[in-house]
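So the sequence shown is numbered by this note's numbering: it starts at 388 and just counts up by one.
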Amino acid sequence: MWSKIISYIPSWSTLFQAGLALIIPLGIYFINTSIYSYVGSKGAKSKHSNNHSLSDEHNEGHTDQQHEPDSKITGNYDSDLKSIREAIGENSDVHFREFVVKKFHARSVLVFIEGMQDEKLMSKQVLEVLMFDGQQDPQEQQESISSSFIKESLMPLTQISEVDDMEELHEFILLGHTALLIEGMKGALLVGSPNGAIRSVNEPTSEALLRGPRIGFTEVLSENTSMLRRQGLNKSLEMKKFQVGSRIKKDLVVAYIKDIVNPDLLQEVNRRISKIDMDFLAESGYVEQLIEDNYLSPFQQTHNTERPDRVINALLEGRIAILLDGTPFALIVPVTFSMLLQSPEDYYERWIPGTLLRLLRFSGAFIALMGPALYISFISFHPGLIPTKLVISIIETRQGVPFPSVIEVMILEISIEILREAGIRLPKPIGPAMGIVGGLVIGDAAVNAGIVSPFLVIVVAVTAISSFSIPTYSAGITLRILRFAGMLFAALLGMFGTILFFLLICIHLTKLKSFGVPYVTPFSPMRLSDWKDMYIRAPISMMKRRPVMMKTQQKKRRP
388 MWSKIISYIP
398 SWSTLFQAGL
408 ALIIPLGIYF
418 INTSIYSYVG
428 SKGAKSKHSN
438 NHSLSDEHNE
448 GHTDQQHEPD
458 SKITGNYDSD
468 LKSIREAIGE
478 NSDVHFREFV
488 VKKFHARSVL
498 VFIEGMQDEK
508 LMSKQVLEVL
518 MFDGQQDPQE
528 QQESISSSFI
538 KESLMPLTQI
548 SEVDDMEELH
558 EFILLGHTAL
568 LIEGMKGALL
578 VGSPNGAIRS
588 VNEPTSEALL
598 RGPRIGFTEV
608 LSENTSMLRR
618 QGLNKSLEMK
628 KFQVGSRIKK
638 DLVVAYIKDI
648 VNPDLLQEVN
658 RRISKIDMDF
668 LAESGYVEQL
678 IEDNYLSPFQ
688 QTHNTERPDR
698 VINALLEGRI
708 AILLDGTPFA
718 LIVPVTFSML
728 LQSPEDYYER
738 WIPGTLLRLL
748 RFSGAFIALM
758 GPALYISFIS
768 FHPGLIPTKL
778 VISIIETRQG
788 VPFPSVIEVM
798 ILEISIEILR
808 EAGIRLPKPI
818 GPAMGIVGGL
828 VIGDAAVNAG
838 IVSPFLVIVV
848 AVTAISSFSI
858 PTYSAGITLR
868 ILRFAGMLFA
878 ALLGMFGTIL
888 FFLLICIHLT
898 KLKSFGVPYV
908 TPFSPMRLSD
918 WKDMYIRAPI
928 SMMKRRPVMM
938 KTQQKKRRP
């Protein structure tokens, strides 16, 4: 009887695998919890100390303000010009163009940064008008020269504003505005707008399409917002401007459609952007990392794009776009995982080819994530699950290979990643050639040297090609990173570890949210009405409602 009972007890290897299956998820859970609690406590302490320091600085500033001199622009030409020169300091690119206004016989100066204004416009509409046009009027000369008279009667410009504070004027000059000071006029005028050299509108390089618009965003915020306006007349399209950066300020625009967007979502986006506290935001990637829900997750929680048509389509679904000056990449929030595998071309083609292309991308994403892990599991732990003829063929190709399968896969995968990175960083004329030649040479040399098997070269090549099918580059990077983790799970526990790795990713994705929207919706939580635009792309005539997950004000696309 005892022998029969003992026969039912699993072997030590099975018990060891079961123990690891229990320890690994618990270990990940406790590590994640401890990191969150540590970061939260540190953030609370720093916030508490910052509040104290800010209050102290406020009190000190309040007492110092009583002794600071008045920073208003008085109209005294010599003293105002001296104050501006002192504020500008040793900035050699700031120019002072002094002249005399003919109408008032008053000394004047234009202060501007070299290369950040339209020189022809300034010469024709400012200097030529003030220096040569108009007749002297003694009665007006005796009175104080008003900025309103200059704006309304002399300056033929569409963009002109007043500034009466010296500190504010200094900031505007360094931002690229052209300042005009006139003797006897209290305050200064900002004429025109910053207009430096910009590149022309080109086709987006990161989101190439065979069918669709050929324009992409540029680095100029005003150009990007005008591209959204040019998509078509929409009275409800609103754009709210923020200034971000505590030391170097930049403009940021939040775009949305007022009668569609969820007000709670809009309020949350505005709140997170208003809390950004950083010296300088060089690119929208900074904004992405500062406003995302979970910065410890490898998955991106915002979608970056260079295409105005993609942004407009997202706004019509109730999403919000964030555009930053100085970058051609706009952010779309919230985002779901299925959205990262969708391309605008899915909607420009008919629904049958659009659906086929989308299914191919989902299959490619699965292969890019799980391909090497499945190879290691089958070869090292479960060769009995492979057909006999195929096993014999694989064994023959692996004859003489001195490394286990996991080392073999690691060698090729790391080589492919290095070649991919080198191809991106090299100059364009030699980058693609380097990638192709390097891959062929390294693969052939590794097989001839007996370091890897030919079958593995096929597996790694298919995996690399599958990762290229993902439309969003950032999503492809995430899957490439997780692929190495899957290989380690497979090397430790075989197919059991591969399945455990996949389940851990699924658990993480079901817990992840982007601005309150579940990351894997409409798969979980289940919303069958949104499935018509997930794995398949239903005919446009059937997509009459906006996504339920967005909780939009207008549910129907064609009310």
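Cβ coordinates follow ideal geometry from the N, Cα and C atoms, glycine included.
Every value quoted in this text rests on a predicted model; they were computed, and no experiment measured them.
- Query: What are the boundary residues of the alpha helix (DSSP H) that includes threonine 461?
  - Reply: Taking the sequence shown and counting its residues from 1, one reaches residue 461 at position 74. Looking at the DSSP string, threonine 461 is not in any alpha helix (DSSP H), and its letter there is neither H nor E.
- Item | Terminal residues of the beta strand (DSSP E) in which valine 488 lies | If you number the sequence shown from 1, residue 488 lands on position 101. Looking at the DSSP string, the run of the beta strand (DSSP E) that includes valine 488 is 481 to 488.
- Task: With DSSP collapsed to three states, give me the class of tyrosine 906.
- Result: Here residue 906 refers to the residue found at position 519 when the sequence shown is read from its first residue. Coil at tyrosine 906, not helix or strand.
- Task: Compare the C-alpha of methionine 614 against each of Thr592, Val588, Ile635 and Gly632 and name the closest.
- Result: Position 227 of the sequence shown holds residue 614. The option with the nearest alpha carbon to methionine 614 is Val588.
- Message: At the level of alpha carbons, what is the spacing between proline 600 and serine 840?
- Response: By 1-based counting over the sequence shown, the position of residue 600 is 213. By 1-based counting over the sequence shown, the position of residue 840 is 453. One C-alpha to the other measures close to 45 Å.
- So, is arginine 634 buried or exposed, given that buried needs 16 or more other C-beta atoms within 10 angstroms? What you label residue 634 is simply residue 247 of the sequence shown in a count that begins at 1. Burial call: exposed.
- Taking all protein chains shown into account, decide if histidine 435 is buried (16 or more other Cβ within 10 angstroms of its Cβ) or exposed. By 1-based counting over the sequence shown, the position of residue 435 is 48. Reliability of the predicted coordinates at histidine 435 is poor, the pLDDT of 48 falling under 50, and no value is obtained from them.
- Query: Considering only residues of the stretch 784 to 863, which uninterrupted alpha helix (DSSP H) runs meet the minimum length of 4 residues and lie entirely inside it, listed in chain order?
  - Reply: 792 to 812, 818 to 835 and 841 to 855
- CA-CA distance, leucine 624 and leucine 703? On the sequence shown, position 237 is the one that residue 624 refers to. On the sequence shown, position 316 is the one that residue 703 refers to. Between leucine 624 and leucine 703, the C-alpha separation is close to 10 Å.
- Query: Per DSSP, what kind of secondary structure is isoleucine 868 in: helix, strand or coil?
  - Reply: By one-based count along the sequence shown, residue 868 stands at place 481. The answer is helix: DSSP assigns isoleucine 868 an H, G or I state.
- Measure the alpha-carbon distance for glycine 476 versus isoleucine 560 and round it to whole angstroms. Mapped onto the sequence shown, residue 476 falls at position 89. Mapped onto the sequence shown, residue 560 falls at position 173. Approximately 12 Å between the Cα atoms of the pair.
- Using the Cα positions of leucine 843 and glutamate 590, report the straight-line distance between them to the nearest angstrom. Walking along the sequence shown from the start, residue 843 turns up at place 456. Walking along the sequence shown from the start, residue 590 turns up at place 203. About 37 Å.
- Message: Tell me the rounded alpha-carbon separation between leucine 890 and phenylalanine 910.
- Response: Numbered from its first residue, the sequence shown carries residue 890 at position 503. Numbered from its first residue, the sequence shown carries residue 910 at position 523. Distance between the alpha carbons of leucine 890 and phenylalanine 910 is about 15 Å.
- With distances taken from CA atoms, which of Val487, Ile864, Pro721 and Ile798 is nearest leucine 653? Taking the sequence shown and counting its residues from 1, the one referred to as residue 653 is at position 266. Nearest option by C-alpha distance: Pro721.
- Query: Less than 8 Å separating the beta-carbons of serine 764 and alanine 877?
  - Reply: Here the question's residue 764 lines up with position 377 in the sequence shown. Here the question's residue 877 lines up with position 490 in the sequence shown. A contact, by the Cβ cut-off of 8 Å.
- Task: Measure the beta-carbon distance from methionine 921 to valine 796 and round it to whole angstroms, keeping in mind my assumption that it falls under 8 Å.
- Result: Position 534 of the sequence shown holds residue 921. Position 409 of the sequence shown holds residue 796. Their Cβ separation, rounded to whole angstroms, is 32 Å, which puts methionine 921 and valine 796 out of contact at 8 Å.
- Query: Is asparagine 437 helix, strand or coil when you go by DSSP?
  - Reply: Here residue 437 is taken as the residue at index 50 of the sequence shown, counted from 1. Unreliable positioning characterises asparagine 437 in this predicted model, as indicated by a pLDDT of 49, which lies under 50. The coordinate reading is nonetheless provided below. Three-state DSSP puts asparagine 437 in a helix.
- Report buried or exposed for isoleucine 811, applying the criterion of at least 16 other Cβ atoms within 10 angstroms of its Cβ. Taking the sequence shown and counting its residues from 1, one reaches residue 811 at position 424. Classification for isoleucine 811: exposed.
- Query: From what residue to what residue does the alpha helix (DSSP H) around valine 516 run?
  - Reply: Start at 1 with the first residue of the sequence shown, and residue 516 comes out as number 129. Start and end: 515 to 519.
- Query: In terms of alpha-carbon separation, which member of Met503, Ala493 and Ile532 lies closest to phenylalanine 519?
  - Reply: Position 132 of the sequence shown, counted from the start, is the residue given in the question as residue 519. For phenylalanine 519, the nearest C-alpha among the options comes from Ala493.
- Message: Between Val487, Val778, Lys662 and Arg807, which has its C-alpha nearest glycine 632's C-alpha?
- Response: On the sequence shown, residue 632 is found 245 positions in, with the first residue counted as 1. The option with the nearest alpha carbon to glycine 632 is Lys662.
- Item | Start-end ranges of the alpha helix (DSSP H) lying completely within the stretch 543 to 626, minimum 4 residues | 553 to 561 and 608 to 616
- Item | Identified DSSP bridge partners for alanine 708 | On the sequence shown, position 321 is the one that residue 708 refers to. Looking at the DSSP assignment, alanine 708 forms a beta bridge with Ala642 and Ile719.
- Residues bridged to valine 674 by DSSP? Counting from one through the sequence shown, the residue named residue 674 turns up at place 287. Answer is none; valine 674 lacks a bridge partner.
- Count the other CB atoms within 10 Å of the CB of glycine 837; is the residue buried (16 or more) or exposed (fewer)? Translated into positions along the sequence shown, residue 837 becomes position 450. When all chains shown are included, glycine 837 counts as exposed.
- Query: Is threonine 859 buried or exposed, if buried means 16 or more other CB atoms sit within 10 Å of its CB?
  - Reply: Reading the sequence shown from its first residue, position 472 is the one you call residue 859. Buried: at least 16 other Cβ atoms inside 10 Å.
- Would DSSP call asparagine 691 helix, strand or coil? Here the question's residue 691 lines up with position 304 in the sequence shown. Strand at asparagine 691.
- Inter-stretch contact (C-beta, 8 Å, three-pair minimum) for the stretch 536 to 552 and the stretch 595 to 610: no
- Item | Three-pair Cβ contact test at 8 Å for the stretch 852 to 868 versus the stretch 726 to 742 | yes
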